[in-house]
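Residues are numbered in this note's numbering as their position in the sequence shown, beginning at 1, plus a constant of 2.
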Amino acid sequence: MRRSIATVSISGALEDKMESIARARFDGFEVFENDLIHSALAPRQIGALAADLGLSIDLYQPFRDFDAADDRLFRRNLDRAERKFDLMGELGATMILICSNVSPTAATDDAQIAGQLYELAERAAKRGIRLAYESLAWARHVWDYRHCWNIVRQADHPHLGVCLDSFHILSRGLDPKHIEDIASEKIFFLQLADAPLMTMDVLQWSRHYRCFPGQGGFDLPKFLGHVLAAGYAGPLSLEIFNDVFREAPSRDTTHDAMRSLLWLEEQVKLRAVEGLDVASAIGAAAPEAREADVPADAVVAAPAAARSQATPLAAALGRLELFSPPAPPRIDGTAFVEFAVDDGTEAALGRVFSALGFERAGEHRSKRVTLWRQGDTNLVINNEPGSFASEFFRQHGPSICAIALRTDDGQRAVNRATAFHLPRFEGRVGPHETTIPAVRTVDGSILYFVSPELEARGFWDIDFRLAEPANRAIGLGRVDHIAIAAPIESFDSAVLFQRAALGLEPGDSLELTDPYGMVRSRALSNADRSLRVALNVSQSRSTVIARSVSSMHGAGVHHLAFDCADIFASVAAARGRGLAFLDIPDNYYDDLAARFDIDAAVLDRLRMLRVLYDRDASGGEFLHAYTPMFEGRFFFELVQRIGGYDGYGASNAPVRMAALARDTTSLVTPPRGV
Ligand SMILES: O=C(O)c1ccc(O)c(O)c1
Ligand SMILES: [Mg+2]
Numbered sequence: 003m004r005r006s007i008a009t010v011s012i013s014g015a016l017e018d019k020m021e022s023i024a025r026a027r028f029d030g031f032e033v034f035e036n037d038l039i040h041s042a043l044a045p046r047q048i049g050a051l052a053a054d055l056g057l058s059i060d061l062y063q064p065f066r067d068f069d070a071a072d073d074r075l076f077r078r079n080l081d082r083a084e085r086k087f088d089l090m091g092e093l094g095a096t097m098i099l100i101c102s103n104v105s106p107t108a109a110t111d112d113a114q115i116a117g118q119l120y121e122l123a124e125r126a127a128k129r130g131i132r133l134a135y136e137s138l139a140w141a142r143h144v145w146d147y148r149h150c151w152n153i154v155r156q157a158d159h160p161h162l163g164v165c166l167d168s169f170h171i172l173s174r175g176l177d178p179k180h181i182e183d184i185a186s187e188k189i190f191f192l193q194l195a196d197a198p199l200m201t202m203d204v205l206q207w208s209r210h211y212r213c214f215p216g217q218g219g220f221d222l223p224k225f226l227g228h229v230l231a232a233g234y235a236g237p238l239s240l241e242i243f244n245d246v247f248r249e250a251p252s253r254d255t256t257h258d259a260m261r262s263l264l265w266l267e268e269q270v271k272l273r274a275v276e277g278l279d280v281a282s283a284i285g286a287a288a289p290e291a292r293e294a295d296v297p298a299d300a301v302v303a304a305p306a307a308a309r310s311q312a313t314p315l316a317a318a319l320g321r322l323e324l325f326s327p328p329a330p331p332r333i334d335g336t337a338f339v340e341f342a343v344d345d346g347t348e349a350a351l352g353r354v355f356s357a358l359g360f361e362r363a364g365e366h367r368s369k370r371v372t373l374w375r376q377g378d379t380n381l382v383i384n385n386e387p388g389s390f391a392s393e394f395f396r397q398h399g400p401s402i403c404a405i406a407l408r409t410d411d412g413q414r415a416v417n418r419a420t421a422f423h424l425p426r427f428e429g430r431v432g433p434h435e436t437t438i439p440a441v442r443t444v445d446g447s448i449l450y451f452v453s454p455e456l457e458a459r460g461f462w463d464i465d466f467r468l469a470e471p472a473n474r475a476i477g478l479g480r481v482d483h484i485a486i487a488a489p490i491e492s493f494d495s496a497v498l499f500q501r502a503a504l505g506l507e508p509g510d511s512l513e514l515t516d517p518y519g520m521v522r523s524r525a526l527s528n529a530d531r532s533l534r535v536a537l538n539v540s541q542s543r544s545t546v547i548a549r550s551v552s553s554m555h556g557a558g559v560h561h562l563a564f565d566c567a568d569i570f571a572s573v574a575a576a577r578g579r580g581l582a583f584l585d586i587p588d589n590y591y592d593d594l595a596a597r598f599d600i601d602a603a604v605l606d607r608l609r610m611l612r613v614l615y616d617r618d619a620s621g622g623e624f625l626h627a628y629t630p631m632f633e634g635r636f637f638f639e640l641v642q643r644i645g646g647y648d649g650y651g652a653s654n655a656p657v658r659m660a661a662l663a664r665d666t667t668s669l670v671t672p673p674r675g676v
């Protein structure tokens, strides 16, 4: 399908916006009127630039407050429209958006509105222009899309149709299924926007908080499914009013925008396959296989109601060309985590790893890279001059520069990511060394995909001189979660990246209190929870998250959590090796006793070792402890999950952030005698 975006969605001057839109490979765009009015280019030049860039101008918008209770005002509005039609002629635009009226002078008689739209459509037709009538969620009279469609039907003019905007429909809690009742040729245009679920004035919500599909809380795949089932085949266009996007560089935003549409197209197809109707599902998955592969009894067995519901979408999906990327990777946790260091920090980080029970397990055969290992958890310290890691160090300081995931098929994972506009990464590889498929993520770090056959071929052995295991483990298992601190402008982008490239699903957005401001947190994970990523963002400048973003010059891993089976034993062992843990105040433990019915002996151990505690509604328990920060950048967490606890101890985040804010201890003190 054609893909389009409204210029209001991104930052910059109109010509820069158009350039970014073209670079992200959109087919067309909506010209937002203010962008044109503020532009130094004449409409004809804008039209010519669009043609040069290979972009069509799909919509001119908005035309506001057209219908009127009083005839004199209505005549004036017709004149006003004629001026815009002139301008559209210069631009080369043939569709204009007519918003439903928000003013107190709006007409409230449907027949009158239909008549006025008919008159406007007659004039538009003379110029070869079509009108797309859109109901704004806060309009005076026509705020429901079904109402909008009724008026269009009453007016019954070939140059008048509806514009559907997911925000106006979903923000009012309207069921999008009635979209299928609209005649397909009367859906002139489709605007897509997601938004975080909030209880607030709908106008403010729309103008400041819209986001790209997949970044918010609306069910856009379901919405689009109804629109396609109705027979719509025009452009999928993003119209996002968002304060953060207005500031962010348009080059990045348009790639996110495209990624969101691609993700949405794939989701619609997947939903159809998961749907009730076997025939339509198979039709959607592979139209050509439909007749041959569907067992006759399966079709008969599908409930008649489900069949008639699902068939129009399947038929539409068979007709339309939607994005079909390689399937998401099947992820089985992390294969390794790589740290960028310099000569000054390499030894210090090694001491921390050692105190955490990792042993120095190998030296790279050709690079200044060391492998640290505990069980099957691998950490890599990279101090190789001229490498990606050293460049990353130069930009961000000591930090996590790469994460490797265990995946079923690394090449497919990379192909999927690049289909979603992420650049493939190819590092410098020595003779006979292993090339691991990789991409550069939206924050600039590297994501490797390690396939089972790569590990089976013994890639550690190929690239590293491995040492004899010395068994210094303290009981740490796999990486439980990776927490990322992100600047506000890359938060939504990161959510979408994780969903699209990796197929992770987001949980709820949480607000947490730091002593110096608010922190927003949203976790994403795969179905078996072998990969959990927690994203954190803060708009205030002094929170732990904000300071971490500032010291790292951008988004980065803020802490890395390892799971363990007996946290008391692991924490005690690490303390014995000189590792410091965050000093949680006694007040916290007194409060724990009040909040939970907790065994006195357990409470004593929690208090003694400064381990935090949480319990969920079904009795699952979470015990966790934090180290101080390494060079003010990142830290480590030890976690023990009991009885299916699925969260991250959000209720303990404030006390942890307060302790971090106070903390001045160094992370590791060499044990006596060293
Ligand atoms: O906020 C607005 O005014 C506005 C304008 C045009 C649109 O298409 C829309 O959805 C909202
Ligand atoms: Mg709109």
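In this text, a Cβ means the ideal position worked out from N, Cα and C, and glycines have one as well.
Of the residues the options, the one placed nearest residue i, counting alpha carbons only
| i | options | result |
| --- | --- | --- |
| F341 | G320, E393, I402 | I402 |
| T667 | E633, D378, A83 | E633 |
| L192 | H210, M20, A235, L176 | A235 |
| W462 | E435, P471, T545 | E435 |
| V546 | I464, A488, L468 | A488 |
| A475 | L99, D67, E361, R66 | E361 |
| R85 | C101, F65, S102 | F65 |
Own chain residues within Cβ distance below 7 Å of residue i, not counting five before or after
| i | result |
| --- | --- |
| S532 | I333, D334, G335 |
| H257 | A26, H423 |
| S511 | P198, R522, R524 |
| A250 | S13, E491 |
| R209 | F243 |
| G233 | S186, A318 |
| L513 | This sequence places Glu at residue 513; Leu is not what is there. Contacts found: M520, R522. |
Sheet register partners of residue i (DSSP bridge)
| i | result |
| --- | --- |
| Q269 | Beta-bridge pairing links Q269 to no other residue. |
| V559 | I486 |
| C566 | L478 |
| F34 | Q63 |
| E136 | C101 |
| C165 | F191 |
| N79 | Looking at the DSSP assignment, N79 forms no beta bridge with any residue, so it has no partner. |
| L537 | I486, R524 |
| A366 | Inspection of the sequence shows that residue 366 is occupied by His rather than by Ala. According to DSSP, H366 bridges with F466. |
| D616 | F624 |
Same chain, Cβ closer than 6 Å to residue i, neighbours up to 5 away in sequence not counted
| i | result |
| --- | --- |
| V670 | R353, V354, A357, G580, L581 |
| A95 | I59, Y62 |
| F694 | Residue coverage of the chain in this structure runs from 3 to 676, which leaves residue 694 outside it and unanswerable. |
| A602 | none |
| S22 | S252, R253, T256 |
Distance, residue j Cα to residue i Cα
| i | j | result |
| --- | --- | --- |
| R607 | V613 | 8 Å |
| R4 | A419 | 21 Å |
| G646 | D568 | 16 Å |
| A294 | A318 | Note that A294 scores a pLDDT of 39, beneath 50, so its modelled location is shaky and nothing firm can be said. |
| V677 | V441 | Residue 677 cannot be examined here, being either before or after the span of the chain that is shown, 3 to 676. |
| I644 | F638 | 20 Å |
| F598 | Y590 | 12 Å |
| D88 | K188 | 24 Å |
| S33 | V104 | In the sequence under discussion, the amino acid at residue 33 is Val, which differs from the Ser named in the question. Going from the Cα of V33 to the Cα of V104 covers about 21 Å. |
| M20 | F493 | 24 Å |
| L176 | A195 | 15 Å |
| L381 | A529 | 24 Å |
| L55 | W265 | 24 Å |
| G49 | V444 | 32 Å |
| A15 | I100 | 24 Å |
| Y135 | A123 | 11 Å |
| A536 | C213 | 19 Å |
| Q500 | A596 | 38 Å |
Beta-carbon contacts of residue i that lie in its chain and below 8 Å, excluding the five residues immediately before and after
| i | result |
| --- | --- |
| E428 | T437, A440 |
Inspect the CB distances between the segment 413 to 424 and the segment 370 to 377 and report whether three or more fall short of 8 Å.
-> The segment 413 to 424 is not in contact with the segment 370 to 377.
Determine contact between the segment 148 to 158 and the segment 179 to 189, defined as no fewer than three beta-carbon pairs at a distance below 8 Å.
-> Verdict: yes, contact present.
Tell me, please, whether the segment 114 to 126 touches the segment 65 to 77 by the rule of three or more beta-carbon pairs shorter than 8 Å.
-> Segments in contact, yes.
Counting Cβ pairs, one atom from each stretch, are 3 or more of them under 8 Å apart for the segment 256 to 272 and the segment 18 to 37?
-> Verdict: yes, contact present.
Evaluate the contact criterion for the segment 458 to 473 versus the segment 502 to 518: three or more CB pairs, one atom per stretch, below 8 Å.
-> No: fewer than three Cβ pairs fall under 8 Å.
Specify whether the segment 498 to 512 and the segment 478 to 485 touch according to this definition: at least 3 beta carbon pairs, one from each stretch, less than 8 Å apart.
-> Three or more beta-carbon pairs separated by less than 8 Å are not found between the segment 498 to 512 and the segment 478 to 485, which leaves the two stretches without contact.
Tell me, please, whether the segment 137 to 149 touches the segment 162 to 182 by the rule of three or more beta-carbon pairs shorter than 8 Å.
-> Cβ pair count under 8 Å is three or more, so yes.
Pairing CB atoms from the segment 618 to 636 with CB atoms from the segment 646 to 660, are three or more of them under 8 Å?
-> Taking a contact to require three or more Cβ pairs closer than 8 Å, the segment 618 to 636 and the segment 646 to 660 qualify as touching.
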